[in-house]
Structure formats: structure tokens, C-alpha cells
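These notes are about the structure you will find just below.
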Amino acid sequence: MTAKILSGKDIAKDIRKELKVEIEELKEKHGIVPGLAVALVGEDPASQVYVGAKVKTCARLGVNSIEKRLPEDTSEADLLALIDEWNKDDQVHGILVQLPLPKHIDEQKILVSIRPDKDVDGFHPTNVGKMLIGKPDFLPCTPHGCQQILMRSGIETEGKEVVVVGRSNIVGKPVAAILVQKAKGANATVTICHTRTKDIKEHTLRAEILIAAAGVPKFITADMVKEGAVVIDVGVHRIGKTESGKDKLCGDVDFEAVKEKASAITPVPGGVGPMTITMLMMNTVRSAKLRIK
Ligand code: L34
Numbered sequence: 316m317t318a319k320i321l322s323g324k325d326i327a328k329d330i331r332k333e334l335k336v337e338i339e340e341l342k343e344k345h346g347i348v349p350g351l352a353v354a355l356v357g358e359d360p361a362s363q364v365y366v367g368a369k370v371k372t373c374a375r376l377g378v379n380s381i382e383k384r385l386p387e388d389t390s391e392a393d394l395l396a397l398i399d400e401w402n403k404d405d406q407v408h409g410i411l412v413q414l415p416l417p418k419h420i421d422e423q424k425i426l427v428s429i430r431p432d433k434d435v436d437g438f439h440p441t442n443v444g445k446m447l448i449g450k451p452d453f454l455p456c457t458p459h460g461c462q463q464i465l466m467r468s469g470i471e472t473e474g475k476e477v478v479v480v481g482r483s484n485i486v487g488k489p490v491a492a493i494l495v496q497k498a499k500g501a502n503a504t505v506t507i508c509h510t511r512t513k514d515i516k517e518h519t520l521r522a523e524i525l526i527a528a529a530g531v532p533k534f535i536t537a538d539m540v541k542e543g544a545v546v547i548d549v550g551v552h553r554i555g556k557t558e559s560g561k562d563k564l565c566g567d568v569d570f571e572a573v574k575e576k577a578s579a580i581t582p583v584p585g586g587v588g589p590m591t592i593t594m595l596m597m598n599t600v601r602s603a604k605l606r607i608k
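Shown next, in the form of C-alpha cells:
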């Protein structure tokens, strides 16, 4: 079997079309232009690409954006002061601090300082809790993007064996929390595997839907995948340059081999990545809308 390619890029495009209509309506009926403020500390090349793409997507959709690039040696206090300023600014509906942060800054301290009603990443403990109890305001972008790819590709999750490889706070844990909910596009039986799992392959071979979020290039090999499984690849790794000098990317899945075994698979690039950015836009619009009532 050769897998159907699940283009996150195309699905993201469809969602952005829907969002654009909502954004125009917000402006015409309520005089509100959604605003997103993004902070990037340091020079991490991947973070620069992602933040650049976020700001560009804002412009394309008619969302206002503020982009603040801060030096690597920015103090925790200075970053907290910036967030405080954005917390108080009525034009700012969404605040995002790109991760990872430099080691001298306490990530949790920063994330809890963002007003939960502007936390469009869904990383504040209040929003993590709301997600867990099935009453979310903002779902975290990458996990929500994974769920949307499944839903919009007509892939049923109810009663399915979902195996998540990876337990990070930004992907593994939340994607499991979302897919286990008693809700449409969820209702799955979810297993989380991680570095201390005894025999990962024993679990992944049972997966009808496999979510690869280990953070290790090509970690999921064909022998770990059940024939006909749906494979969602969350990883993005830079593995050198193409002939034209562009970054060459790969995911957490050995795509070439696994696509011969899976029934459907997301590519890297063009899979989950573009969905992450689009879900951020969705949350920013949602935050602006919540301001109306
Ligand atoms: N606060 N930090 C915060 N929020 C997030 O949601 C993120 N993440 C992750 C890293 N840190 C964060 C992102 O934005 C990962 N991530 C992200 C965003 C976009 C893309 C990948 C990861 C993306 O657009 N990927 C393209 C390839 C672009 C490239 O690297 O050249 C793709 O097609 O996969």
C-alpha cells in the first residue's frame, strides 16, 4: 500500500479562507481587528523561521501583529515587563512567547505571566486545565492542528487505538489529552510512549493512528508501523542543505519507508507545521471574538 498524503498545507489553506471571512466580519460589524504580539528571545534559526511565518500569516489574513525580537541575554525581568505591557494593551488579543527560551529564563514563570484570556498558545496552567476537563478556551496549536488534519481528512478517531510517541508539554501530553476527550474528533483509546517505555515497538505496532512527537529525526521506522495505520509526523528537523541552498527537512518518521506501509501520512514539510500556524490564527481570532461579549 502507498499511503495517501495528508497535506496540512492544503487543509491550513482551507481554514485560513474561513478565518479571513470571520476577520472581515469582525472588522465590519464590531470594528475589531485581531492583534497578535510575538516575542522571540535569541537567535535560534528555526525559531526565526517559525516566528517569521507567523507574522507573515497575520499580514495575509488582516491580523495586526507586533513582533519583538530580543537579544539572547535579555533578563527574565525585562521579558516579564514586556508581557505585562501586552497584557494591558487592548489592541493585543493574543500573546505568544516563542519557545525554547534561553536557559537563564524560567519558562514556567514566563508562561504563567501571560493573561489566560490572551494565551493563544494554550500553555498557561489555567488553559491546560480547561483543556483537560474538556472545556477549552484555547487549544494548543500543534496538537489542535493534528486533530484538525484527522477530522478534515475524514479519519475517524472514535474507538481507535491512538499511540503518541513523546510526552512534551507542547505536543505529546496535550495531543493525548485532546484525543481522549468525550467529544467529536476524539473518543480515542490513547497510549503515550516515552523514553522510559520498555518496548515502544510493542505499542506502536498496535496503533491505528500513530502520532510521532519524539523529537528525534526518523525515529519511527517501517517495522514499528502497523499495516494501514494513519501516521501523523510532528517532528521538524534540519538535516543539511538542498542543492539550491535551502534547508533540508525531515520529521520524526522515516517517511519514504513508512509511506509504503501506512494508509495515510503527513509529510514534512507541508504537514503539521503549517497547521500549527493556522491554529494560532484561529485562537487569535477567537480571543478577539471573546472580547465582544
Ligand atoms: N510558544 N513556541 C511557542 N508556540 C509554538 O506553537 C511553537 N512551535 C514549536 C516551537 N516553539 C513554539 C511552533 O510554532 C514548533 N512550531 C512550528 C511552527 C511552524 C512550523 C514548524 C514548527 C512550520 O511552519 N514548518 C514548516 C517548515 C518551515 C521550515 O522549517 O522551513 C513545515 O512545512 O513543516
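Just so you know, the sequence shown maps onto residues 316 to 608 in this note's numbering.
For each residue, glycine too, the CB sits at the ideal point set by N, CA and C.
Residue interval of the beta strand (DSSP E) (run including residue i)
i    : result
K369 : Unbroken run through K369 is the alpha helix (DSSP H), P360 to L376; no beta strand (DSSP E).
I347 : First-last for I347: undefined, no H or E at that position.
I524 : I524 to A527
L494 : It is not in any beta strand (DSSP E) - L494 instead sits in the alpha helix (DSSP H) that spans G487 to L494.
N379 : N379 to L385
R553 : H552 to K556
E476 : E476 to V480
V412 : G409 to V412
K563 : D562 to C565
V505 : T504 to C508
I547 : V545 to D548
Nearest candidate by alpha-carbon position, reference residue i, set the options
i    : options                   : result
R430 : I607, E476, A352 and E523 : A352
G367 : E382, H439 and G377       : E382
G323 : V568, Q462 and D434       : Q462
T504 : V479, L395 and T512       : V479
V573 : L341, I470, T519 and T472 : T519
P458 : T593, L605 and M316       : T593
L414 : D359, T510 and H509       : D359
K561 : V364, D329 and E575       : V364
K369 : L411, D514 and D393       : L411
K451 : I607, S602 and R606       : For the sequence presented, residue 451 should be read as Pro rather than Lys. Closest by alpha carbon: S602.
V531 : R521, K513 and I554       : I554
V546 : L595, T512 and E476       : E476
L394 : R467, T557 and V427       : V427
S578 : A374, S559, V336 and S468 : S468
T372 : E340, G586, K403 and K335 : K335
F570 : S559, K556 and I535       : I535
Residue i at chain C interface by Cβ criterion, 9 Å
i    : result
V443 : Of the chains in the structure shown, none is chain C; there is only one protein chain.
6 Å CB neighbourhood of residue i in its chain, flanking five on each side removed
i    : result
N598 : V435 and F453
V407 : G350, A352 and W401
G481 : G487, A528 and A529
I470 : V545
Close-in-space but distant-in-sequence residues of the same chain around residue i (CB under 8 Å, 5 per side omitted)
i    : result
P386 : V356 and G357
G449 : Q496, K497 and A498
R606 : I347 and H408
T512 : H518
A374 : S380
K345 : In the sequence as displayed, the identity of residue 345 is His instead of Lys. If we look at H345 and ignore the five residues flanking it on each side, its Cβ neighbours are I607.
Residues near residue i by beta carbon distance below 7 Å, same chain, minus five either side
i    : result
I338 : P349, L376, G377, V378 and V600
L652 : Nothing in the structure corresponds to residue 652, since the chain is present only between 316 and 608.
L447 : A492
T389 : V356
S362 : L355 and Q413
P440 : V427
Residue i and residue j closer than 9 Å at C-beta
i    : j    : result
I507 : A501 : no
A327 : M590 : yes
E391 : K424 : yes
K533 : K576 : no
P455 : G474 : no
A537 : A522 : no
R331 : M596 : yes
L341 : K516 : no
Boundaries (first-last residue) of the alpha helix (DSSP H) holding residue i
i    : result
D399 : E391 to K403
G444 : P440 to L447
M596 : V587 to L605
G460 : C456 to R467
Q423 : E422 to S428
F570 : F570 to V573
Given 8 Å as the limit, is there contact between the segment 516-527 and the segment 478-487, that is, 3 or more CB pairs closer than that? yes
Indicate whether the contact test is met: 3 or more Cβ pairs, each with one atom in the segment 576-585 and one in the segment 415-424, closer than 8 Å. no
Counting Cβ pairs, one atom from each stretch, are 3 or more of them under 8 Å apart for the segment 566-578 and the segment 547-558? yes
I want to know whether the segment 317-331 touches the segment 457-472 - three or more CB-CB distances under 8 Å. yes
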